[in-house]
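Position 101, counted from 1, in the sequence shown is what the UniProt record's numbering calls 101; the numbers after and before it change by one each time, with no gaps.
No residue lacks a Cβ here, since even glycine has one placed at the ideal position from N, Cα and C.
Heads up: the structure comes next, in structure tokens.
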Amino acid sequence: TRRRRTLLLDPRTPGRDTALAAWREILDTATDYGIPAAPEESARTFDRRLGKELAADAGPDAAAALARLRQDYEVAAYANPAAPLPHAASPAAPLPHSASPAAPLPHAATAYDGGPSGTAPSSAVSGSLPGRSPGNSPGDAGTRRWTDVETVTRALRTRGPWHQRLLDRLFPRSLFRR
1 TRRRRTLLLD PRTPGRDTAL AAWREILDTA TDYGIPAAPE ESARTFDRRL GKELAADAGP
61 DAAAALARLR QDYEVAAYAN PAAPLPHAAS PAAPLPHSAS PAAPLPHAAT AYDGGPSGTA
121 PSSAVSGSLP GRSPGNSPGD AGTRRWTDVE TVTRALRTRG PWHQRLLDRL FPRSLFRR
């Protein structure tokens with residue numbers, strides 16, 4: 001989990017790698033909490049099955065986060081590698097902060113702060129390309145994906161009796177299936 005989180009939050013990690021790592025984390029977490037993906041199950045089928053359970057238990061936010069992660073995974077795994085990934089942000093998945101210049105930046109942002117340090121603007125640091133809106137850099141996609149992973153994980157943690165949840169956290173099943 002820590003290695004995948006670091007990979008997802010590193011702005012230098014390519015978008016395809018963050019999508020694959022996020023989906024792998026979802027598969028492992030679901031396995032840890034008693035909902036493993038069957039070997040013959042596609043990502044879409046697993047998303048439908050787990051999404052129904054999450055929507056019933058935790059509400060539509062967790063199911064929507066899972067659907068975004070599955071869609072990103074499918075594009076990363078099955079699309080032409082030479083083709084660019086679609087923008088990570090969509091109207092259905094707004095970014096945590098506004099992309100307007102007047103909006104405050106999150107604490108960990110590396111954008112130009114107007115100070116004497118001479119740091120470069122975030123578009124130069126984060127790998128933004130011309131024509132890409134400020135909230136769609138690869139680092140932002142990884143942050144959004146990790147936020148979605150955390151949303152699904154929180155929903156999975158609320159399922160089942162407390163003693164089963166404790167066992168699931170202490171002895172993750174995903175460690176034993178490799």
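Taking the Cβ atoms as the reference, D57 lies roughly 22 Å from R145, outside the contact range of under 8 Å.
Between L54 and G142, the alpha-carbon positions lie close to 22 Å from each other. With fewer than 16 other Cβ atoms from the protein chains shown falling within 10 Å of its own Cβ, F171 counts as exposed.
By the Cβ-count criterion, E40 is exposed, with fewer than 16 other Cβ atoms from all chains shown falling within 10 Å of its own Cβ. In terms of Cβ geometry, V149 and A22 form a close pair [threshold 7 Å].
Annotation: the continuous alpha helix (DSSP H) that includes A64 extends over 60-78. One thing to note: D140 has its Cβ no nearer than 7 Å to the Cβ of Y33. Within the model, the alpha-carbon separation for A155 versus P14 is close to 27 Å. The three-state secondary structure of T158, taken from DSSP, is coil.
Straight-line measurement puts the Cα of Q164 at about 34 Å from the Cα of R16.
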